[in-house]
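J.: For the working numbering, add 4 to where a residue sits in the sequence shown, where the first one is 1.
Cβ atoms here follow ideal geometry from the backbone N, Cα and C, with glycine treated the same way.
Being a predicted model, the structure only gives us computed values, none of them experimental.
Just dropping this structure here.
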Amino acid sequence: MDAALYSALKLDRIRTEYSTRRINGRSNLEILGALDTPGDAHYHPCPEAFFSQDEGDGGSGRVERVRNWAGSAVFADTIRDVWVYVSPGGEGERDLPLLVFNDGAGYLDPNGPVRATRVLDALVATGELPPVAAVFVMPGRPPDIERPHRPGERPDPRANDQRSFEYDSLTDDYARFVIDELLPMAAALVDVRFTEDPAWRAMIGISSGGICAFNVAWHRPDQFGRVVSHCGSFVAIRGGHEYPVLIRHSERKPIRVFLQSGERDADILFGNWALANQTMAAALEFAGYEARFEFGTGGHNLRHGGALFADTLRWLFATNDGDDPQTGQE
């Protein structure tokens, strides 16, 4: 489709003008109804999320925080909060397996639906994962926005726009940001070395952060070979609805993908998340990817993903054939 036809069909206005309008009595604000649904009631954090530092021999990992980090040239004039976790046994100069979490605060929250560091502590303590590192990163925001919005507060629209620009765009910008800027800073902060083996490097996110996780691996499978997308926004925000076509028509990439959605996921002007994720799962299966799709009863949140999180990580790294990321040997 050439630019003239794209404009004539008004496709260039979907993200901007149409995203704030009511059309046929419907609007994108209806996504609020999918954030907490009756179908989520039976989902609870996985048992590993209640791991105590008194359990096992390893205890709990270390988390370091950087507030208002402004070190990105890819996304200039933005600040963001970053947390870096190193599991027990991971201190020092080791080639650690790596997980990167978009919208990191939600995954890190010790009282939230995922409680990622406790799950990682538990899996390391049981030997199901080797010692690991994780980076929890928030999307950028303009420097004059003092902090991210809290639950129940209306976010500054400029922060929402920046998040969408970073997460929903199908370019390689976010991959370059993570690989060239975020990870060197994070490794230096905790004095470790991340593995260079993409089979031991995962990108994780929810909603726009979920499609962003897939997008990073799609552009840079040499850096990230594992993806977890919770309620991924494979819809018509910035072209994400085209991914199933691209997957079917492109040579298969060496990435393993975990997708999760639910029957009460968002259904708004941008698209239907449940259908979009089903279409993505079908395209990945068609193209022969190692992929797993979990479709539940819930809405647009992390509750189902959190209930499955330990099993997700077991599956994600299960066929690394026991190779140690530090040595490449069993």
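Mind pulling the beta strand (DSSP E) runs of 3 or more residues that sit fully within the region 23-91?
T.: Contiguous beta strand (DSSP E) elements confined to the region 23-91 occur at 66-73, 84-90, taking only those with 3 or more residues.
J.: So is Asn72 buried or exposed if we call it buried at 16+ other beta carbons inside 10 Å?
T.: exposed
J.: So, at 6 Å on beta carbons, what are the nonlocal neighbours of Val88 in its own chain, with the 5 sequence-adjacent residues on each side left out?
T.: So the qualifying residues of the chain are Glu68, Val139, Ala190, Leu193, Val194.
J.: Pull up the distance between the alpha-carbon of Phe238 and that of Gly214, whole angstroms please.
T.: 9 Å
J.: Pull up the CB-CB distance for Leu306 and Gly110, whole angstroms please, since I reckon it's below 8 Å.
T.: 6 Å
J.: Rounded to whole angstroms, what's the CA-CA distance from Glu298 to Leu312? Just pull it up for me.
T.: 9 Å
J.: Is the CB-CB distance between Gln166 and Arg145 below 8 Å?
T.: yes
J.: Kindly identify the DSSP beta-bridge partner or partners of Gln264.
T.: His234, Glu298
J.: Could you tell me the distance, in whole angstroms, from the CA atom of Ser233 to the CA atom of Phe218?
T.: 7 Å
J.: So if DSSP puts Asp99 in a beta bridge, which residue, or which two residues, is it bridged to?
T.: Arg197
J.: Among Ala129, Ala80, Val70, whose alpha-carbon lies nearest the alpha-carbon of Gly4?
T.: No answer is possible for residue 4: it lies beyond the span of the chain, which begins at 5 and ends at 334.
J.: Could you pull out every residue in the same chain whose Cβ sits closer than 6 Å to the Cβ of Ser211, ignoring the five residues on either side in sequence?
T.: Excluding positions up to five away in sequence, the list reads Cys235, Ser237.
J.: So, is Phe321 buried or exposed, given that buried needs 16 or more other C-beta atoms within 10 angstroms?
T.: buried
J.: On the three-pair Cβ rule with 8 Å, is the region 280-295 touching the region 24-36?
T.: no
J.: Asp125 CB to nearest chain B CB: under 8 Å?
T.: The structure shown contains no chain B; it holds only a single protein chain.
J.: Since Asp140 sits in a beta bridge, which residues does DSSP pair it with?
T.: What sits at residue 140 in the sequence shown is Phe, not Asp. In the DSSP secondary-structure assignment, Phe140 is bridged to Trp87, Phe105.
J.: Report the rounded CA-to-CA distance for Leu250 versus Gly209, giving the unit in angstroms.
T.: 21 Å
J.: By Cβ distance, which residues of its chain are closer than 7 Å to Gly275, with the 5 residues on each side in sequence left out?
T.: Val239, Ala240, His245
J.: For Ala80, count neighbouring C-beta atoms within 10 Å of its own C-beta (all shown protein chains included) and say buried if the count is 16 or more, exposed if not.
T.: exposed
J.: Can you give me the C-alpha to C-alpha distance between Thr82 and Val141, rounded to a whole angstrom?
T.: 13 Å
J.: Cβ of Met284 within 8 Å of Cβ of Tyr247?
T.: Going by C-beta atoms, Met284 is nearer than 8 Å to Tyr247.
J.: Does the separation of the CB atoms of Asp148 and Phe55 fall below 8 Å?
T.: no
J.: If I follow the unbroken beta strand (DSSP E) through Ile208, where does it start and stop?
T.: 205-210
J.: Please report the straight-line C-alpha distance between Leu133 and Pro188, rounded to a whole angstrom.
T.: 23 Å
J.: If you measure between the beta carbons of Arg197 and Arg98, is that distance less than 8 Å?
T.: yes
J.: As a quick exercise: from Gln282, Val104, Thr316, pick the residue whose alpha carbon is nearest that of Tyr178.
T.: Val104
J.: Can the beta-carbon of Val90 be found less than 8 Å from the beta-carbon of Arg66?
T.: yes
J.: Got a sec? Which residues, its chain only, sit under 8 Å from Ala77 by beta carbon, not counting five neighbours each side?
T.: Glu185
J.: Quick one: what's got a C-beta closer than 8 Å to Asp40's C-beta in the same chain, skipping five residues either side?
T.: Gly303, Asn305
J.: Should Ala163 go down as buried or exposed, given a rule of 16 or more other Cβ atoms within 10 Å for buried?
T.: buried
J.: For Glu95, tell me which candidate among Arg84, Ala74, Ser64, Tyr171 has the shortest Cα-Cα distance.
T.: Ser64
J.: With H, G and I counted as helix, E and B as strand and the rest as coil, what does DSSP make of Asp177?
T.: helix
J.: Is it buried or exposed, Asp44, if we count other Cβ atoms within 10 angstroms and call 16 or more buried?
T.: Around the beta carbon of Asp44, 16 or more other beta carbons lie within 10 angstroms, which makes this residue buried.
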